[in-house]
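Visitor:
Number of protein chains: 2
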Amino acid sequence: MTPLRLVIFEDNNDFRESLLHLFRFTPDVEVVAAYPDCSGVRNAVTQWKPEVVLMDIDMPGLNGIEATAAVKEASPTTQVVMLTVSEEEDRIFQALRNGATGYLLKKSGPDELVESVRLVHKGGSPMSPAIARKVLQFFHLTQAIPQTPAAVQKAVEIDDEALATGLTPREQEILEALVDGLSYKMIAAKHFISTDTVKNHIQGIYRKLHVNSKGEAISYALKRGLAGNR
Amino acid sequence: MTPLRLVIFEDNNDFRESLLHLFRFTPDVEVVAAYPDCSGVRNAVTQWKPEVVLMDIDMPGLNGIEATAAVKEASPTTQVVMLTVSEEEDRIFQALRNGATGYLLKKSGPDELVESVRLVHKGGSPMSPAIARKVLQFFHLTQAIPQTPAAVQKAVEIDDEALATGLTPREQEILEALVDGLSYKMIAAKHFISTDTVKNHIQGIYRKLHVNSKGEAISYALKRGLAGNR
DNA sequence: CAGGGTGTACCACAAATGCGGCACACCCTG
DNA sequence: CAGGGTGTGCCGCATTTGTGGTACACCCTG
Numbered sequence: 001m002t003p004l005r006l007v008i009f010e011d012n013n014d015f016r017e018s019l020l021h022l023f024r025f026t027p028d029v030e031v032v033a034a035y036p037d038c039s040g041v042r043n044a045v046t047q048w049k050p051e052v053v054l055m056d057i058d059m060p061g062l063n064g065i066e067a068t069a070a071v072k073e074a075s076p077t078t079q080v081v082m083l084t085v086s087e088e089e090d091r092i093f094q095a096l097r098n099g100a101t102g103y104l105l106k107k108s109g110p111d112e113l114v115e116s117v118r119l120v121h122k123g124g125s126p127m128s129p130a131i132a133r134k135v136l137q138f139f140h141l142t143q144a145i146p147q148t149p150a151a152v153q154k155a156v157e158i159d160d161e162a163l164a165t166g167l168t169p170r171e172q173e174i175l176e177a178l179v180d181g182l183s184y185k186m187i188a189a190k191h192f193i194s195t196d197t198v199k200n201h202i203q204g205i206y207r208k209l210h211v212n213s214k215g216e217a218i219s220y221a222l223k224r225g226l227a228g229n230r
Numbered sequence: 231m232t233p234l235r236l237v238i239f240e241d242n243n244d245f246r247e248s249l250l251h252l253f254r255f256t257p258d259v260e261v262v263a264a265y266p267d268c269s270g271v272r273n274a275v276t277q278w279k280p281e282v283v284l285m286d287i288d289m290p291g292l293n294g295i296e297a298t299a300a301v302k303e304a305s306p307t308t309q310v311v312m313l314t315v316s317e318e319e320d321r322i323f324q325a326l327r328n329g330a331t332g333y334l335l336k337k338s339g340p341d342e343l344v345e346s347v348r349l350v351h352k353g354g355s356p357m358s359p360a361i362a363r364k365v366l367q368f369f370h371l372t373q374a375i376p377q378t379p380a381a382v383q384k385a386v387e388i389d390d391e392a393l394a395t396g397l398t399p400r401e402q403e404i405l406e407a408l409v410d411g412l413s414y415k416m417i418a419a420k421h422f423i424s425t426d427t428v429k430n431h432i433q434g435i436y437r438k439l440h441v442n443s444k445g446e447a448i449s450y451a452l453k454r455g456l457a458g459n460r
């Protein structure tokens, strides 16, 4: 069986070297080339036709995100695995939409790196759990409302909003205020409590509705008629 | 440090036993209960208040997907990791929609299982690479298509909502994203622009709708059907 | 009475948001 | 061609929001 061809783009010399070293002891993976920058991405992939590319995100000149687009354009079947230290959402999503199919934090262990290269070639998407969580969050927000049979039943049987969501009466009131677009301060003034207490209630709401920002809460509440029925 | 409380739902006796056995040798994880079916999910989680639940998908009676919804409803902070043999997309997405934050194939090794339980508790989303790939594919599909000038023109001609409110097509798009509860960063990623540009558009929206916060904008838009018609 | 849930309040810190301005490129249209 | 509208990007700064604690008083209910 011919080994899997791998090309590496990584500007940090030490890290690049240790990657090379790592894969030297991996018989089924052959590092055919390793570059400290992405100036020659296009040529590199057309020349080497690698099955997999390991791509650092932070690099001088052409960065890893743009380079990923170039790789996929020059060789669509090549799988790109991003390597990064940061967990910035922007970059994650941009890299993924540019065609990256793996996304690993550099703190991943050697075994994990090697295994990831194999996996991405086998059609998987190795992703550090922290990254996966962010993708999932995004996924959740753009999803339709879940309709489990149980939930539907419940909604039909009892139309008590508070019971259905588990919100306390106070939380329900605060949610109404949120939906009106009020700020913490305004809510506090309206109900004669401190802004800190408002925060507490809002935290409770977030926990129970599985959201973590005003925007999500309002969206959730209005779309399901939990509030704003006036 | 108190160990992490884990509850298991798995109908296969052998597999359940081996899970129990596995975690018996994991000091930082304590399996407080294990059930062969989900008839008592709600009671189980309210009683044990586990940090993490391992949930088989295929089970007689209430299946793992519905049970997941029940778990999250009864104990929102509990993290649910799905365990399954199949890679059926519908089920994956349904489970994730219902609040599962991990998704492992049963062929995962013991170490991976244990590590996944820890990771999901630390805020990650352990996912078998094959699953992650499917989520990513879906992710790709829901991405915005870059605006061609022609498309913009078209939007201007047809979009009477935009005309009615004075919002430009781009602003309309951003408003849709706002209504989904997305953050600046997420919107930026979704439309492949910088967060600063997102800010600019949002400023434009605020000016035209006479509001000055995300909350007000979402509320305004949803209540008058300017967005969120899906 | 002990314990749980609820409502209140405070502190500290990180991240996101809102606001102001500046700049440039593109496409229309007069 | 000049100008306006739109989309994009960047900088800086003040405020708001989100997260994690701790604390205490009240009201139930077993």
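Chains R and C are the protein sequences, given in the same order.
Residues in the first sequence are numbered consecutively from 1, following our numbering.
Residues in the second sequence are numbered consecutively from 231, following our numbering.
Beta carbons are placed, not taken as given, at the ideal position from N, Cα and C, and that holds for glycine.
1. Comparing alpha-carbon positions, which option in 253(C), 281(C) and 266(C) lies nearest residue 292(C)?
2. Measure from the alpha carbon of residue 72(R) to the alpha carbon of each residue in 56(R), 99(R) and 139(R), then state which is nearest.
3. Does the beta carbon of residue 127(R) come closer than 7 Å to any beta carbon on chain C?
4. Would you say residue 219(R) lies against chain C (beta-carbon separation less than 7 Å)?
5. Would you identify the three-state DSSP class for residue 192(R), choosing helix, strand or coil?
6. Just the chain R side, please: which residues come within less than 7 Å of residue 439(C) by C-beta, in chain order?
7. Rounded to a whole number of angstroms, what is the C-alpha to C-alpha distance between residue 12(R) and residue 89(R)?
8. Whose C-beta lies closer than 7 Å to the C-beta of residue 167(R) among residues of the same chain, with five residues either side of it excluded?
9. Report the residue ranges of all alpha helix (DSSP H) runs contained in full by the region 59 to 93 of chain R; include only those spanning at least 4 residues, in chain order.
10. Which residues in chain C sit within 9 Å of residue 109(R), going by Cβ to Cβ distance?
11. Since residue 184(R) sits in a beta bridge, which residues does DSSP pair it with?
12. For residue 105(R), would you say it is in contact with chain C, using Cβ-to-Cβ distances shorter than 7 Å as the test?
13. Pick out whichever of 210(R), 78(R) and 211(R) has its Cα sitting closest to the Cα of residue 118(R).
14. From this set, 258(C), 445(C), 415(C) and 409(C), which residue's C-alpha is nearest residue 425(C)'s C-alpha?
15. Sort 183(R), 218(R), 193(R) and 212(R) by Cα distance to residue 442(C) and report the nearest one.
16. Can you pull the chain C residues whose beta carbon is under 7 Å from the beta carbon of residue 233(R), in chain order?
17. Rounded to whole angstroms, what's the CA-CA distance from residue 343(C) to residue 440(C)? Just pull it up for me.
18. Do residue 236(C) and residue 275(C) have their beta-carbon atoms positioned less than 7 Å apart in this structure?
19. Go through its chain and collect everything with a Cβ distance to residue 249(C)'s Cβ below 6 Å, but skip five positions before and after it.
20. Let me check one thing: in DSSP terms, what residues is residue 205(R) bridge-paired to?
21. Enumerate in chain order the residues of its own chain whose CB-to-CB distance from residue 70(R) is below 6 Å, with the five nearest sequence positions on each side excluded.
22. So for residue 286(C), helix, strand or coil by DSSP?
23. How about residue 411(C): is its C-beta nearer than 7 Å to some C-beta of chain R?
24. Can you give me the Cβ contacts of residue 23(R) inside the same chain, cut-off strictly under 6 Å, excluding the 5 residues immediately before and after it?
25. By the 10 Å Cβ neighbour count, where 16 or more other Cβ atoms means buried, how is residue 247(C) classified, buried or exposed?
26. Below 8 Å on the Cβ atoms is my guess for residue 233(R) versus residue 101(R); work out the distance and round it to an integer in Å.
27. From which residue to which residue does the alpha helix (DSSP H) around residue 249(C) run?
28. For the putative contact between residue 129(R) and residue 355(C), defined by C-beta atoms under 8 Å, what is the C-beta separation to the nearest angstrom?
29. Looking only at its own chain, which residues have a Cβ that is under 8 Å from the Cβ of residue 290(C), when we skip the five neighbours before and after it?
30. Rounded to whole angstroms, what is the Cα-Cα separation between residue 408(C) and residue 455(C)?
31. Say whether chain R places a C-beta atom closer than 7 Å to the C-beta of residue 445(C).
32. Using the C-alpha atoms, what's the distance from residue 200(R) back to residue 75(R)?
33. Would you say residue 297(C) faces chain R, with C-beta separation under 7 Å as the test?
34. Give me, in chain order, the residues of the same chain whose beta-carbon lies closer than 7 Å to that of residue 324(C); leave out the 5 immediate sequence neighbours on both sides.
35. Could you check if residue 316(C) is buried or exposed, using at least 16 other CB atoms within 10 Å of its CB as the buried criterion?
Guide: If we stick to the structure as given:
1. By one-based count along the second sequence, residue 292(C) stands at place 62. For the residues 253(C), 281(C) and 266(C), the minimum Cα distance to residue 292(C) belongs to 266(C).
2. As a position in the first sequence, residue 72(R) is number 72, starting the count at 1. Here the closest residue by C-alpha is 99(R).
3. For the purposes of this step, residue 127(R) is identified with residue 127 of the first sequence, where counting begins at 1. By this cut-off, residue 127(R) is an interface position.
4. Residue 219(R) sits at position 219 when you count from the first residue of the first sequence. With its beta carbon less than 7 Å from one in chain C, residue 219(R) belongs to the interface.
5. Along the first sequence, one-based indexing puts residue 192(R) at 192. Residue 192(R) falls in the coil class under three-state DSSP.
6. In the second sequence, residue 439(C) corresponds to position 209, counting from 1. Ordered by position in chain R, no residue passes the 7 Å Cβ test against residue 439(C), which lies about 11 Å from the chain.
7. Here the question's residue 12(R) lines up with position 12 in the first sequence. Here the question's residue 89(R) lines up with position 89 in the first sequence. If you take the alpha carbons of residue 12(R) and residue 89(R), they lie about 23 Å apart.
8. What you label residue 167(R) is simply residue 167 of the first sequence in a count that begins at 1. Closer than 7 Å at the Cβ level, and outside the excluded window around residue 167(R), lie 175, 205 and 208.
9. Counting only runs of 4 or more, we get 64 to 74.
10. Counted from its first residue, the first sequence places residue 109(R) at position 109. Per Cβ cutoff of 9 Å: no residues; residue 109(R) is ~11 Å from chain C at best.
11. The residue given as residue 184(R) occupies position 184 in the first sequence. The partner list for residue 184(R) (beta bridge, DSSP) is empty, contrary to what the question assumes.
12. The residue labelled residue 105(R) in the question sits at position 105 within the first sequence. Closer than 7 Å: no.
13. Here residue 118(R) refers to the residue found at position 118 when the first sequence is read from its first residue. It is 78(R).
14. In the second sequence, counting from the first residue as 1, residue 425(C) sits at position 195. Out of 258(C), 445(C), 415(C) and 409(C), 415(C) has the C-alpha closest to the C-alpha of residue 425(C).
15. In the second sequence, residue 442(C) corresponds to position 212, counting from 1. The candidate whose alpha carbon is nearest that of residue 442(C) is 183(R).
16. Here chain R has residues from 1 to 230 only, and residue 233(R) is not among them.
17. Residue numbering aside, residue 343(C) sits at position 113 when the second sequence is read from its first letter. Residue numbering aside, residue 440(C) sits at position 210 when the second sequence is read from its first letter. Computed Cα separation, rounded: 52 Å.
18. Counting from 1 along the second sequence, the entry for residue 275(C) is found at position 45. Counting from 1 along the second sequence, the entry for residue 236(C) is found at position 6. Taking a C-beta distance under 7 Å as the contact criterion, residue 275(C) and residue 236(C) do not qualify as a contact pair.
19. Here residue 249(C) refers to the residue found at position 19 when the second sequence is read from its first residue. These residues qualify, in order along the chain: 238.
20. As a position in the first sequence, residue 205(R) is number 205, starting the count at 1. Its beta-bridge partners do not exist; DSSP assigns none.
21. Here residue 70(R) refers to the residue found at position 70 when the first sequence is read from its first residue. 41 and 42.
22. Walking along the second sequence from the start, residue 286(C) turns up at place 56. Of the three classes helix, strand and coil, the one that applies to residue 286(C) here is strand, per DSSP.
23. Residue mapping note: residue 411(C) aligns to position 181 of the second sequence, counting from 1. Yes, residue 411(C) counts as interfacial toward chain R.
24. Counted from its first residue, the first sequence places residue 23(R) at position 23. Within the same chain, residue 23(R) has close Cβ partners 29 and 31.
25. By one-based count along the second sequence, residue 247(C) stands at place 17. Taking all protein chains shown into account, residue 247(C) has fewer than 16 neighbouring C-beta atoms within 10 Å of its C-beta and is therefore exposed.
26. The requested residue 233(R) is not part of the displayed model; chain R covers only 1 to 230.
27. Position 19 of the second sequence holds residue 249(C). Residues 243 to 254.
28. Taking the first residue of the first sequence as 1, we reach residue 129(R) at position 129. Taking the first residue of the second sequence as 1, we reach residue 355(C) at position 125. Going by Cβ atoms, the distance from residue 129(R) to residue 355(C) rounds to 5 Å, so yes, they are a contact pair.
29. Looking up residue 290(C) in the second sequence gives position 60. Within the same chain, and ignoring the five residues on either side of residue 290(C) in sequence, the residues whose Cβ sits closer than 8 Å to its Cβ are 241 and 267.
30. Position 178 of the second sequence, counted from the first residue, corresponds to residue 408(C). Position 225 of the second sequence, counted from the first residue, corresponds to residue 455(C). Their backbone Cα atoms lie some 14 Å apart in a straight line.
31. Counting from 1 along the second sequence, the entry for residue 445(C) is found at position 215. Closer than 7 Å to some Cβ of chain R, the Cβ of residue 445(C) qualifies, so yes.
32. Within the first sequence, the letter at position 75 stands for residue 75(R). Within the first sequence, the letter at position 200 stands for residue 200(R). Going by the C-alpha atoms only, they are around 52 Å apart.
33. Residue numbering aside, residue 297(C) sits at position 67 when the second sequence is read from its first letter. Cβ-Cβ to chain R under 7 Å: no for residue 297(C).
34. Indexing the second sequence from 1 puts residue 324(C) at position 94. So the list reads 295, once near-sequence residues are dropped.
35. In the second sequence, counting from the first residue as 1, residue 316(C) sits at position 86. Exposed, since its Cβ has fewer than 16 Cβ neighbours within 10 Å.
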